[in-house]
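What follows is a single structure, written as structure tokens, with notes after it.
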Amino acid sequence: MNTILQKAVETHNLEKDEIIYLLSNDELSEELYTAADKVREEYVGNEVHLRGLIEFTNICRENCCYCGLRRDNTNLKRYRLTEEQIIDFAHKAVTYGYKTIVLQGGEDMYYTIEILERIVKAIKSFDVALTLSIGERPTQEYKRLKEAGADRFLMRIETTDKKLYEEMDPGMSHENRKRCLNDFKVLGYEVGSGSLVGLPGQTVESLADDILFFKEIDADMIGIGPFIPNADTPLRDASNNNFDMSLRVMAITRLLLPTINIPATTAMESLNSNGRIIALQSGANVVMPNVTEGEYRKLYALYPGKICTGDTPSHCRGCITSKILSIGRTISNTKGFHKRR
Ligand code: SAM
Ligand code: SF4
Ligand code: FES
1 MNTILQKAVE THNLEKDEII YLLSNDELSE ELYTAADKVR EEYVGNEVHL
51 RGLIEFTNIC RENCCYCGLR RDNTNLKRYR LTEEQIIDFA HKAVTYGYKT
101 IVLQGGEDMY YTIEILERIV KAIKSFDVAL TLSIGERPTQ EYKRLKEAGA
151 DRFLMRIETT DKKLYEEMDP GMSHENRKRC LNDFKVLGYE VGSGSLVGLP
201 GQTVESLADD ILFFKEIDAD MIGIGPFIPN ADTPLRDASN NNFDMSLRVM
251 AITRLLLPTI NIPATTAMES LNSNGRIIAL QSGANVVMPN VTEGEYRKLY
301 ALYPGKICTG DTPSHCRGCI TSKILSIGRT ISNTKGFHKR R
């Protein structure tokens, strides 16, 4: 085995220049994926955790240059689900066997803290774990949502390159993003973060910094997604060739944070028809099938080519189950919290 990979497998530590080396040498990719798959099996086993994803609003006050939900995109029909719809979709997801519900949406301030607290409490009454991915809010609101029962929070740092972040997310600050991640930790949430791979101007050096950052914040989950250019955004002409680099970032993340939960992301499958299975065989142990119903799936248009937009929750549940079983893995029937060693 390559000596740097061997060091990663044995110690779960690498220097920045070693991470850069692994990211930059495609001829090592297959060996890297095999090593990450072995570490995954040793530390988190063969179970795959399914999280039912509800995309509850495509309205957003932010203007991230890469995202189809950005407020300046006038080509998108906007929607927000009612409290009743959200709770109904969550309830149906539980009947399909999901043990975790993820609520994800734009930064839509229609959902006041009082509304969110009611939704969190209602979903938690179904005996499931609940993950929020609702963007930046004041510390006090995160505190109330934790007290209402939310278990986890997902917020990607997107990139640890502060200058690039602030160019890509105009009006947002890197400090505030980090403040949010720190709040989650202090308040007792499981902390999920991650990066978008392939942003114009992003370097392998900064991707290496991202991986070291995940270690530094002691994350519980890390989601790595390829950036997919969207014609309704300022980054419409950017390169769309980000699958392999995303997979390498994900695999190295598994080597350095062996016990965490790592999703095979929807964006990976949107770029490669077998992307989630490839990711599950390169370090991932989580999949987040969509449990939103009806036309909303199509309207949650972050990027083009998004999978499952015409499918139902029950179809997706069956589809992903058979794919996972076909590679000799099993579906977990636990809530799938991060087990530290
Ligand atoms: N608004 C919340 C936030 O930004 O944290 C949660 C929802 S946001 C749509 C979820 C993730 O979508 C972002 O963290 C970003 O990485 C990803 N995303 C947005 N646009 C994308 C694109 N064009 N390609 C791939 N992923 C994208
Ligand atoms: Fe809004 Fe999140 Fe999209 Fe940024 S990435 S525009 S915060 S939904
Ligand atoms: Fe939705 Fe396969 S997971 S169609």
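Every letter in the sequence shown is one number past the one before it in UniProt numbering, and letter 229, counting from 1, is 229.
Quick reminder that beta carbons are idealized off the backbone N, C-alpha and C, glycines included.
Going straight from the alpha carbon of residue i to that of residue j, what length do you get?
| i | j | result |
| --- | --- | --- |
| E31 | N182 | 35 Å |
| L280 | S206 | 25 Å |
| T160 | K178 | 10 Å |
| G78 | R70 | It is Arg, not Gly, that sits at residue 78 in the sequence shown. Near 11 Å, if we compare the C-alpha coordinates of R70 and R78. |
| T253 | G223 | 10 Å |
| E295 | L302 | 15 Å |
| S29 | E147 | 43 Å |
| E15 | T34 | 21 Å |
| I277 | T82 | 34 Å |
| F239 | V197 | Contrary to the premise, residue 239 reads as Ser rather than Phe in this sequence. Between S239 and V197, the C-alpha separation is close to 11 Å. |
| F337 | N73 | 36 Å |
| S326 | C308 | 19 Å |
| E18 | E84 | 50 Å |
| R248 | L23 | 6 Å |
| N58 | S195 | 20 Å |
| P138 | D210 | 24 Å |
| G188 | N25 | 38 Å |
| S322 | K143 | 39 Å |
| residue 354 | E141 | For residue 354 there is no data in the structure shown, the boundaries of the chain being 1 and 341. |
| E27 | V287 | 27 Å |
Check the DSSP bridge columns for residue i and list the partner residues they point to.
| i | result |
| --- | --- |
| V287 | L50 |
| A129 | T100 |
| N261 | M221 |
| G192 | L154, M221 |
| P234 | DSSP output for P234 lists no bridge partner at all. |
| E136 | Its beta-bridge partners do not exist; DSSP assigns none. |
| E55 | Q104 |
| V197 | P226 |
Thinking C-beta only, is residue j closer than 9 Å to residue i?
| i | j | result |
| --- | --- | --- |
| L199 | Y66 | yes |
| A129 | K335 | yes |
| N242 | P226 | yes |
| G97 | C60 | no |
| A122 | A93 | no |
| S282 | M245 | no |
| N51 | T100 | It should be pointed out that residue 51 corresponds to Arg in this sequence rather than to Asn. Yes. |
| V9 | N285 | no |
| F153 | E190 | yes |
| L212 | H12 | no |
| K339 | V120 | no |
| L103 | I54 | yes |
| M155 | S193 | yes |
| P229 | D218 | no |
| L132 | L299 | no |
| L134 | Y110 | Residue identity check: residue 134 is Ile in the sequence provided, not Leu. No, the Cβ-Cβ distance between I134 and Y110 is not below 9 Å. |
| E166 | S173 | yes |
| R80 | D108 | yes |
With DSSP collapsed to three states, give me the class of residue i.
| i | result |
| --- | --- |
| A208 | helix |
| S332 | coil |
| I101 | strand |
| A148 | coil |
| R80 | strand |
| P313 | helix |
| E167 | helix |
| F227 | coil |
| F243 | helix |
| L23 | helix |
| L302 | coil |
| G318 | helix |
| I113 | helix |
| K121 | helix |
| G275 | helix |
| L187 | helix |
| T203 | coil |
| T160 | coil |
| L14 | coil |
| S29 | helix |
| H91 | helix |
Assuming residue i contacts residue j under a Cβ cut-off of 8 Å, what Cβ separation, rounded to an integer in Å, is found between them?
| i | j | result |
| --- | --- | --- |
| A231 | P304 | 7 Å |
| N63 | G171 | 6 Å |
| D311 | I260 | Incorrect: roughly 29 Å between the Cβ atoms, too far for contact. |
| I4 | V204 | 14 Å between Cβ atoms; not a contact. |
| E117 | L145 | 7 Å |
| N290 | C319 | That pair is no contact at about 11 Å. |
| N46 | R329 | 5 Å |
| F56 | I87 | The Cβ separation is near 10 Å, so there is no contact. |
| E216 | N176 | Actually they do not touch by this definition, with Cβ atoms about 18 Å apart. |
| T233 | G68 | 6 Å |
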